[in-house]
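Notes follow once the structure below has been shown.
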Amino acid sequence: LESYRESGIVSLFDRAIIWFQDKREQDEELARRYGFEAYGSENRGLAMAMHNLTTALNTDYVVLTENDCAVVEDKEEVGHQLEAALGLLEAGRIDLMRLR
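Take the numbering used here: the final residue in the sequence shown is number 899, and no numbers are missing along the way.
Pasting the structure below:
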């Protein structure tokens with residue numbers, strides 16, 4: 800979470816959400832501290848958490864990350880990569896983009 804805050808990329812999105820497995824009160828505090836909304840459900844695995852998160856949203860596009868995926872680029876580079884991915888998605892050239 801620290802790398803997301805330090806890079807400033809959270810500001811690139813309309814909403815920033817963390818989906819917690821077996822969410823607790825301290826998880827909500829942690830999410831708020833880093834500028835995220837906190838949601839969660841019973842721990843039923845990563846695939847179910849991703850499904851729950853994406854179906855709870857009302858948006859055309861979703862960027863999924865995991866807690867062990869630190870941001871290593873600056874906000875400008877991340878923004879450039881996201882814009883490139885969005886262009887390909889909107890043009891119908893791809894259905895999914897994986898960024899590293």
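Ideal Cβ placement from N, Cα and C applies to all residues, glycine included.
message: Classify Ala855: buried if its beta carbon has 16 or more other beta carbons within 10 angstroms, exposed otherwise.
response: Within the sequence shown, the letter at position 56 stands for residue 855. Ala855 comes out exposed.
- prompt: Going by Cα to Cα distance, which pick from Arg832, Trp818, Cys868, Val871 is closest to Ala848?
  reply: The residue you call residue 848 lines up with position 49 of the sequence shown. Selected option, being the one with the closest Cα: Trp818.
Candidates Leu887, Thr858, Asp894, of which the one nearest Asp813 by Cα: Your numbering for residue 813 matches position 14 in the sequence shown. Here the closest residue by C-alpha is Thr858.
Exposure label - Ile893; buried when at least 16 CB within 10 Å: Along the sequence shown, one-based indexing puts residue 893 at 94. Exposed: under 16 other Cβ atoms inside 10 Å.
Any non-hydrogen atom of the ligand ATP closer than 8 Å to Arg804 Cβ: The ligand ATP is absent from the structure shown, which contains no ligands of any kind.
- prompt: Would Val861 be called buried (16 or more neighbouring beta carbons within 10 Å of its own) or exposed?
  reply: As a first step, residue 861 is located in the sequence shown; it is residue number 62 there, counting from the start. Val861 is exposed by the Cβ-count criterion.
task: List the whole-angstrom C-beta distance separating Gly834 from Val809, where the pair is believed to meet the contact cut-off of C-beta under 8 Å.
output: On the sequence shown, position 35 is the one that residue 834 refers to. On the sequence shown, position 10 is the one that residue 809 refers to. Right, the Cβ-Cβ distance comes to about 5 Å (below 8 Å), so this counts as a contact.
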